[in-house]
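Okay, structure first, notes after.
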Amino acid sequence: MSLSSRMILVLTTVGLISGGFLAGVAKLTKERIALNIQAEIEEAIKIVVDDAEVSTVLYEEEDLVIYREMEDDGQLAGYAIQATGVGFQDKITLMFGLDETLTKITGLTIIDQKETPGLGAKITEWVAFLQFWEDRDATGLLTLRKPPVRTPPELLATEINSITAATISSRKVLKIVNLSLEKVRGLIAEGKITSEEHDDH
Amino acid sequence: MPDSEYMIRSSPHFKDKDSVPKIMYTVIIALLPAVFASVYYFRLKAVVLYFACLVACLVTEAIFLWIRKKPFQSLWDGSAAITALLLAMTLPPDLSLDLAVIGSVVAIAIGKQVFGGLGYNIFNPALVGRAFLQTAFPVAMTTWIPPVTLHVDTATFATPLGNLKFQDTVVHGTLAPLKDLFLGNTGGCLGETSAVALVIGALILLTKKTIDWRIPFGIILALSAFTGVFWVVNPDKFAPPSFHILAGGLLIGAFFMATDMVTSPITPRGTWIYALGIGLMVGLIRLFGGFPEGVMYSILFMNTIVPLLNRSSRPRILGERRRPQ
Amino acid sequence: MRRKTFPHGIHPPEYKSLTEAKALEAMPPPEKVSIPLLQHFGSPAKPLVKKGEEVSLGQKIGESTALFSASVHASVSGKVLSVDGVHHPLGKPIPAVTIANDGEDRPAPEIQGSADPLSLDPETICQIVKEAGIVGLGGAAFPTAVKLSPPKDKPIDTVIINGCECEPVLTADYRVMLEYTEDILRGAELVRKAAGAERTIIGIEDNKKDAMRAFLEVMDNGSAEIVLLKTKYPQGAEKNLINAILGREVPRGGLPFDVGVVVQNVGTAKAIWDAVRFGKPLYERALTAAGEGVREPKNLMVRIGTSFQDVLDFCGGIEDNTNVLIMGGPMMGLSQWSPDVPVIKGTSGILAWTAPAPPMELSCIRCSRCVDHCPMRLVPTQLMKYVKYEFLSDAENWGILDCVECGSCQYICPAAIPLVHWIRLGKNQVMGLKRKKSANNAG
Amino acid sequence: MELVAIFISAVLVQNFVLYYFLGICPFLGVSKKIDSALSMGLAVTFVMSITAVVSWLINNLILIPYDLGYLQIVSFILVIASLVQLVEMFIRKISPPLYQALGIYLPLITTNCAIMGLALIAALNGYSFVETVIFGFGSGIGFTLAIVLMAGIREQLDLSDVPEPLKGAGIALIVAGIMALAFNGFIGMLT
Amino acid sequence: MTTKTIRAEYLKGLWDENPVLRQLLGLCPTLAVTGTVITGLAMGLATTFVLILSSLVVSSIKKLIPAQVRIATYIVVIASFVTIADQFLKAFFYPISEALGPYVPLIVVNCIILGRQEAFSSRNSIGRSLIDALGMSTGFLLALLVLSSIREILGAGTFLGYQVMGPWFKPWIIMILPAGAFITLGILLGIALKIESKTKRS
Amino acid sequence: MTELLVPILTMTALGFLFSTGLVLAYNKLKVEEDPKIEKISEILPQANCGACGYSGCRAFAEAVVKGKVPVTGCPVGGEETAALVAETLGVDAGEMIKMVARLHCRGTIEAAKSRGCYSGIPTCYASHLIGGNKQCSYGCLGYGDCVKVCQFDALYMDESGLPVVREDKCTACGKCVDACPRNLFELHPLVQEVLVFCRSEDRGPMARKVCKAACITCGICARACPDAIVMENNLAVIADFKKIDPDRIPDIEKCPTDAIGRIHKDEDIDEG
Ligand SMILES: Cc1cc2nc3c(=O)[nH]c(=O)nc-3n(C[C@H](O)[C@H](O)[C@H](O)COP(=O)(O)O)c2cc1C
Ligand SMILES: Cc1cc2nc3c(=O)[nH]c(=O)nc-3n(C[C@H](O)[C@H](O)[C@H](O)COP(=O)(O)O)c2cc1C
Ligand SMILES: Cc1cc2nc3c(=O)[nH]c(=O)nc-3n(C[C@H](O)[C@H](O)[C@H](O)COP(=O)(O)O)c2cc1C
Ligand SMILES: Cc1cc2nc3c(=O)[nH]c(=O)nc-3n(C[C@H](O)[C@H](O)[C@H](O)CO)c2cc1C
Ligand code: SF4
Ligand code: SF4
Ligand code: SF4
Ligand code: SF4
Ligand code: FES
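Chains as they are written, first to last, in this note's numbering: chain A, 1 to 201; chain B, 1001 to 1325; chain C, 2001 to 2443; chain D, 3001 to 3191; chain E, 4001 to 4202; chain F, 5001 to 5272.
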């Protein structure tokens, strides 16, 4: 056999074997991986919308997904909004909840970010940042409180807390939320989503 | 024929009296007005910081000299003392001493000695120390206190540049007054606040020709031009060049840090590019970057380019054709 | 008059006041002279005399064999003691003719002047200059005849007479200008004729205004122009001088004739006049003996071959603690380990003083002072490092061969780095590599 | 504007070497001389640009439509390996001096994580075709910038008195660290 | 070629031919994933897995492969194992896999793995290749452990997530950033060389 | 089933495509190189010292294969390497004479007077440039430029101020020969016992004045062995060492300054 055909043969065979092999492995792990990803989103939703059990995608576009959340008894629990935007370094993906009337923010959590560890990355864990997102007014523009305060009552309803040394990241999160809220309001105005209960199917 | 005692050496047999320690001590003297100014504005805190940095730098330097078996006299050549002073002058007045010490050790060890000591370092040692601290302890490094002369009673306080960036002071018309910037009656790093004291020192260096005038001139020129364009187009949004020159670390950087001979180019053409580059980058960072102040990053960044500048900007030798080939 | 100058350079203390008022004194010929057959560089002349032979003053005792060497002449009359190696100011022993002076200064019969030198044609002038063994007295001792007959495709339009004497301490050229003003002018005229140039310019530093006045006094109209130059070192280096006076730049690796110029030292001009008018070969020259180690500093007319020791003795001897002995000026002079070396044609001064311990050498702080002062616009610190860390091709690319070893960089260096020594080392190594390469290519 | 931002970010902010730690081997290995660093940088830029194109095609035309995400690694690396070998043979043919200069580092590009990282990160970020190309090219330029600056510094360090144990990779890494600090100045400039 | 004892074959990877500290291989993952000990460990183990299995495969099929497609073949083999490791992590250790980001797939281009195939497995028996792979991966793991410990302790004051420094300690955030990684590794390399030259001399 | 088939097909197709591409390119772009070059390169000591006159071992390998240099061209590898190279090329190695570097100066600190106090760059070359630090203008300057260039640790500086060759380590690479600004090293066959240890061309009296160990041109050695030793430029020169009559060596060693003689006197055979 000539060298050339041997080269082709070997590589093709190796490709074949590895393709088959990998397909097998993928088959075994695929489901779990999908579950993992699913679980991550579900967990995020649970954090931002109390009592959410069943979610349906209401609206989807690049960088913005709106879920409607039901309690297990079928009552509307609220809405969860997954949004992506630029942060200090790179993209931030976050999830925040809206109450049934789409007028109040019920909570916020960060799904994915690449901010500076130790600095901007505090947006994922800083209690005085995350927990102070509850009960924010979602009808207008939110603003950042700087320097940060210690307890939620110190904030106005239209204010969110900042993080020392991560002011910029806090501001970016705020910006993402503000932008998505605007879009949501636009969608409501267009009638694409409504705050009242819908009878799907 | 007896062994002779005459000295055998290469010409020249005359030597100018200036020496490295003399240059270094001139710089230290030129720094003193700013040191005194900072002691006036920040009192004991300033004294303690200077002292901590000086001791830490000298001890680190001594340890390295000892390890590397180099002559101990060079401890007193003044370069480590300058590094200590300049590092201290670029620290927030309220910084705790352990951080100042860490910064000093890094400045001398990582900034200078790993490259072989005086004369060989690529980056400005004091700024390496500061950049390290800035990145390692960002909160402490951006916590400011007001000078005692301001008689304000706030726990936190912001620098004029910080306010410019985060509080939109131009829009609100609350930009710090130039007079305060000039005298140093504002928040900021120890040594950067008082423009007048720095200018006095700068004049000493310029008249003694210790520093290359092109560097401060080029930096200020580029920064003024850059910020000036934006200011002229939209004075309601952008601060005037005079503010940018007097605020923050620009003056200390332009006169005392960018001019560090070891880390600046050796050729005139390279020096111009270096200086203009620093000025431009300071403008970029202040106007569009993530940080309120960019002098440190600009100088460090241009430091990395210096070797290339040196290589590519060899002066035209007398008699060399103007355009090769 | 506006003072002209060149960019860069330094201004070291001049120390000229000690001797500038002292007229040139003819030093009595010593008992014994040793005249090296090689005066500066090139290959040694072929000896024409043997041990025991009688020679007369000005008699040719060594014949130049190669283009870049010059004949040598007896500087006293008397008997040849030996033709043998003697220590030489350049360091290596070199064959020399040692003559015992009979004190008679019997001139050689062949010495004959020309009554009307200015009517001679260029070739004859060149021939006489060559016969007289004249080399440049400005320091480099380049054979003058070679300079006066440049290649045909390089027409000369200007002769510059170099009266700068930019080296500190030395004042011999200054005295020559004051005392032999007319001879210099006439010699310059001969140079101009020989080189076929149109004009003659005399360049003088502004610390020697007396010399300028002297020239102006004796000058017949328009035979030469005088240019006053800023007192600055190395104003007298020919490439910088040409640049200062004419604004021309001698190309890299080139010579003044590439830009149509011939530069001659004032002493050389005088020697040319003496040779052509009186037939006097170059067997004596003016020099300054000074420095604080010399008890009675003087300007002297000294016979070639006189030992430094004799010169210094004539100047009252040297102080006991003298530890530096220099041939030439303090900036470019060569240090001597022994006063037992003869005065050669390139000896413009003999300096002795006590030097303090050299300052501790520190590492270069890249202050770029050397760059700012190098008259050749080189980057000495980079050259030094390239040599030190053995990047010779880089050193060559950065122009190490263009260095004229003026010493400005080392003078100004605050770190006291022996820059010139490094550069000389590098030049030698680069040249060595080049020679090897061309030898390889040839072979 | 978006494209310019991607480009500048790839060059200065999310620099492959100084931010992602990719391509460190050639970054240390071929940064001793400016000339060869430049050639290496350009070679990497070239390969990166092509890789960006090809990997995008594979990812978006084959892997995603057929839900074969798990074949990303194998298929990308195959593409890259073959490409680099082609480039290598090509350079060897047309410019032996260049080949000599890059020496053993050309094959190293194959196993250079910068190239593979480029394909993966571009896929991860879900860039469009044009964005991917700009990202690939910008990252290459960023790599070139870093390696050339490093080479300049190392040429200067050749003329220095660096302590013996730190000579070579040690000091180069420390310099890279300080360079990373200096490049920090650019962050936030685009967002 | 002198044949080493099995013990020596294993031990050489720990110091004499330590892939990171001595051979300067695989520096990219070394720098990228050592911000915390746990990611460093995970990376080390994943690499070990890939290295051992691909060494086995390569040394057993070495005779079949023509030289010209050697590298390509190795790469496919390695890539397959990397994919498996990646899928496994994604499926069972999702958070760690997220933290490691693209660096798990990048094991495929880790110079250590390909380097060992080229330099060792393609020329040696299966058993020997296995020992070599084990030694190398232990060496890699060790280097990662040292670097990540320094970085996590100084950078966060923790080790494997547990607080080890007192409350007085202010974490040096720079240590978990690129700059700290480079500088720490630079200094480690210097120390390694110094130790080496000391032991060589004595 | 498609779940398995698609990936398998994809991978197979990819493998096929790229291997074909590679094969095509390989055949088109292949650069011919003599495989012997690689082989010889591997045999060579990889010192890359340049002693062979080429820029490195690989360059030498190329030259050998092209027949530009004899197989014995690598002085470092010595006979062993030459034999291996010859075997690879299928030629005859021929005989190799073991050469070694020898110093032609005995001007120790004690014997040769110093010249002033040298203050400058402490290397021989730098010192030599400005006349040197010894009164003798030919002798060893003692700063060890030769020691610094020897890659094989075959030279060290003696307390007496002269470099000493370790015969067993010297590979005759010739680096020291090139490095010495005064040309004091020369390669000689190891077996050559008698050497001239002076390079001074000064005449007797001058030479004697500056160094106790200088050749003073007395001619005793030349008279002892006129066939082998001649006087040239005031210096004894061994024109052909093979002609030295072993019996006359004691006569040669009557040299009043020890400037000629055996390298190893019977008493001092300590080395390394
Ligand atoms: C290397 C480095 C990375 C940083 N990363 C972030 C970041 O990711 N997010 C952030 O908000 N601030 C970051 N900062 C700090 C900001 O630049 C800025 O100093 C800070 O946000 C100002 O906040 P403060 O006013 O609360 O001090 C970083 C600083 C440095 C030196
Ligand atoms: C640095 C330097 C300084 C010099 N200074 C003088 C000087 O002051 N006077 C002088 O006549 N020649 C000086 N020369 C020599 C001149 O360059 C030139 O060779 C000389 O004037 C030619 O004249 P000559 O051949 O008659 O000596 C100097 C050369 C150099 C390199
Ligand atoms: C190398 C050298 C050469 C000197 N030559 C002379 C000289 O020729 N004539 C003179 O008057 N002073 C000369 N001096 C100046 C004095 O030696 C010395 O500078 C003087 O004693 C004053 O000391 P200072 O160096 O502290 O100014 C020379 C100095 C140096 C360093
Ligand atoms: C004009 C001048 C400016 C200097 N600036 C600095 C500086 O900004 N930072 C520093 O660490 N050292 C500075 N030095 C001191 C010295 O050059 C520095 O320690 C060297 O970089 C160490 O090799 C300066 C020295 C001079 C003469
Ligand atoms: S480099 Fe040469 S020409 Fe320039 S100043 Fe130094 S000695 Fe003079
Ligand atoms: S003058 Fe001296 S210290 Fe300054 S750059 Fe030149 S060599 Fe360096
Ligand atoms: S032999 Fe030559 S190189 Fe060696 S020490 Fe003596 S003079 Fe220097
Ligand atoms: S440098 Fe000289 S002593 Fe050393 S191995 Fe080469 S020839 Fe022998
Ligand atoms: S591990 Fe990244 S290039 Fe080698």
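By construction, the Cβ of each residue, glycine as well, lies at the ideal position given by its N, Cα and C atoms.
Taking the alpha-carbon of residue 1268(B) as reference, which of 1277(B), 1282(B), 1299(B), 1215(B) has the nearest alpha-carbon? The residue given as residue 1268(B) occupies position 268 in the second sequence. Of 1277(B), 1282(B), 1299(B), 1215(B), the residue nearest in Cα terms is 1215(B).
For residue 5256(F), does the three-state DSSP call read helix, strand or coil? Here residue 5256(F) corresponds to residue number 256 of the sixth sequence, with the count starting at 1. Coil at residue 5256(F), not helix or strand.
At least one CB of chain E closer than 8 Å to the CB of residue 3082(D): is that the case? Mapped onto the fourth sequence, residue 3082(D) falls at position 82. For residue 3082(D), the answer is yes, since a Cβ of chain E falls inside 8 Å of its Cβ.
What span of residues does the alpha helix (DSSP H) with residue 3187(D) cover, start to end? As a working note, residue 3187(D) is residue 187 in the fourth sequence. For residue 3187(D), there is no enclosing alpha helix (DSSP H), as DSSP marks it with neither H nor E.
What residues of chain A sit near residue 1138(B), judged by a beta carbon separation below 7 Å? Sequence index remark: in the second sequence, residue 1138(B) carries index 138 (1-based). Neighbours of residue 1138(B) on chain A, chain order: 119, 165.
Taking C-beta pairs closer than 7 Å, name the residues in chain D that residue 1128(B) reaches, listed in chain order. The residue you call residue 1128(B) lines up with position 128 of the second sequence. Annotation: Cβ neighbours of residue 1128(B) in chain D (cutoff 7 Å, chain order): 3178.
Pairwise C-alpha distance: residue 2323(C) and residue 1003(B): Numbered from its first residue, the second sequence carries residue 1003(B) at position 3. Numbered from its first residue, the third sequence carries residue 2323(C) at position 323. Per-residue confidence for residue 1003(B) stands at a pLDDT of 48, beneath the threshold of 50, marking its modelled position as unreliable; no derived number is given.
Residues near ligand 9, criterion Cβ-heavy atom distance below 7 Å: Qualifying residues come out as 3022(D), 3023(D), 3024(D), 3025(D), 3026(D), 3111(D), 3112(D), 3113(D), 3114(D), 4025(E), 4026(E), 4027(E), 4028(E), 4029(E), 4109(E), 4110(E), 4111(E).
Using a Cβ cut-off of 9 Å, pull out every chain A residue sitting near residue 4088(E), in sequence order please. For the purposes of this step, residue 4088(E) is taken as residue 88 along the fifth sequence, with counting starting at 1. In chain order: 25, 29.
Going by the CB atoms, is the gap between residue 5089(F) and residue 5064(F) shorter than 8 Å? Here residue 5064(F) refers to the residue found at position 64 of the sixth sequence. Here residue 5089(F) refers to the residue found at position 89 of the sixth sequence. Between residue 5064(F) and residue 5089(F), the CB-CB gap stays under 8 Å.
Would you say residue 3181(D) lies against chain I (beta-carbon separation less than 8 Å)? The structure shown has no chain I; the protein chains it does contain are A, B, C, D, E and F.
In chain order, what residues have a CB nearer than 7 Å to some heavy atom of ligand 5? Result: 2370(C), 2373(C), 2374(C), 2375(C), 2376(C), 2378(C), 2380(C), 2383(C), 2403(C), 2404(C), 2405(C), 2406(C), 2407(C), 2408(C), 2409(C), 2410(C), 2419(C), 2420(C), 2423(C).
Residue span of the alpha helix (DSSP H) that contains residue 1257(B), given as start and end: The residue given as residue 1257(B) occupies position 257 in the second sequence. Following the DSSP letters along the chain, one finds residue 1257(B) in no alpha helix (DSSP H), marked with neither H nor E.
Residues near residue 1325(B) by beta carbon distance below 6 Å, same chain, minus five either side: Indexing the second sequence from 1 puts residue 1325(B) at position 325. Confidence in residue 1325(B) is poor, its pLDDT being 41 and thus under 50, which makes the residue's placement too unreliable to answer from.
For residue 4026(E), which option in 4131(E), 4107(E), 4011(E), 4132(E) has the closest C-alpha, if you only look at C-alpha atoms? One-based indexing of the fifth sequence puts residue 4026(E) at position 26. Looking at the Cα atoms, 4107(E) is the closest of the given residues.
Between the region 134-152 of chain A and chain B, which residues of the former have CB atoms less than 8 Å from a CB of the latter, in chain order? From the region 134-152 of chain A, only 146, 147 have a Cβ closer than 8 Å to chain B.
For the region 4166-4174 of chain E against the region 4048-4063 of chain E, do three or more pairs of beta-carbon atoms, one drawn from each stretch, fall closer than 8 Å, so that the two count as touching? No, the region 4166-4174 of chain E does not touch the region 4048-4063 of chain E.
I'd like the span of the alpha helix (DSSP H) that includes residue 2240(C), first residue to last. Here the question's residue 2240(C) lines up with position 240 in the third sequence. Residues 2238-2246.
What is the DSSP secondary structure of residue 4159(E), reduced to helix, strand or coil? Here residue 4159(E) is taken as the residue at index 159 of the fifth sequence, counted from 1. Strand.
Cα-Cα, which of 4110(E), 4159(E), 4149(E) is closest to residue 4137(E)? The residue labelled residue 4137(E) in the question sits at position 137 within the fifth sequence. The closest CA to that of residue 4137(E), considering only 4110(E), 4159(E), 4149(E), is found on 4110(E).
Is residue 3040(D) helix, strand or coil when you go by DSSP? As a working note, residue 3040(D) is residue 40 in the fourth sequence. The three-state secondary structure of residue 3040(D), taken from DSSP, is helix.
Is the Cβ-Cβ distance between residue 2330(C) and residue 2169(C) less than 8 Å? Mapped onto the third sequence, residue 2330(C) falls at position 330. Mapped onto the third sequence, residue 2169(C) falls at position 169. In this structure, residue 2169(C) lies closer than 8 Å to residue 2330(C) by Cβ.
So which residues on chain E does residue 3019(D) lean against when the C-beta distance must stay under 8 Å? As a working note, residue 3019(D) is residue 19 in the fourth sequence. Going along chain E in sequence order, the residues near residue 3019(D) (Cβ under 8 Å) are 4178.
Just tell me which of 1212(B), 1213(B), 1146(B) has its CA closest to the CA of residue 1187(B). For the purposes of this step, residue 1187(B) is taken as residue 187 along the second sequence, with counting starting at 1. Residue nearest to residue 1187(B) within the set 1212(B), 1213(B), 1146(B) is 1146(B) (criterion: CA-CA distance).
Any idea if residue 4086(E) is buried or exposed, counting beta-carbon neighbours within 10 angstroms, 16 or more meaning buried? The residue labelled residue 4086(E) in the question sits at position 86 within the fifth sequence. Result: buried.
Quick one: what's got a C-beta closer than 6 Å to residue 2133(C)'s C-beta in the same chain, skipping five residues either side? As a first step, residue 2133(C) must be located in the third sequence, where it is residue number 133. In its chain, beyond the 5 residues on either side, 2070, 2071, 2072, 2073, 2281, 2282 have a beta carbon closer than 6 Å to the beta carbon of residue 2133(C).
Rounded to the nearest angstrom, what separates residue 4001(E) and residue 3115(D) at their Cα positions? Here the question's residue 4001(E) lines up with position 1 in the fifth sequence. Here the question's residue 3115(D) lines up with position 115 in the fourth sequence. Low per-residue confidence applies at residue 4001(E): pLDDT is 42, beneath 50, and the placement is therefore not dependable enough to give any value.
Could you give the first and the last residue of the continuous beta strand (DSSP E) run that contains residue 2310(C)? Along the third sequence, one-based indexing puts residue 2310(C) at 310. Where residue 2310(C) is concerned, there is no enclosing beta strand (DSSP E), although the alpha helix (DSSP H) it sits in stretches over 2308-2314.
Contact set between the region 4059-4082 of chain E and chain A, restricted to residues whose Cβ is under 8 Å from the partner: Those would be 4064, 4065, 4066, 4068, 4069, 4072, 4073, 4076, 4077, 4079, 4080, in chain order.
Quick check on residue 5200(F): does DSSP put it in helix, strand or coil? The sequence position of residue 5200(F) within the sixth sequence is 200, counting from 1. In the three-state reduction of the DSSP assignment, residue 5200(F) falls in the coil class.
Anything in chain A within Cβ reach of residue 5007(F), meaning under 8 Å, just list it in chain order. Locating residue 5007(F) in the sixth sequence gives position 7, counting from the first residue. Against chain A, the beta carbon of residue 5007(F) has neighbours under 8 Å at 19, 20, 22, 23, 26, listed in chain order.
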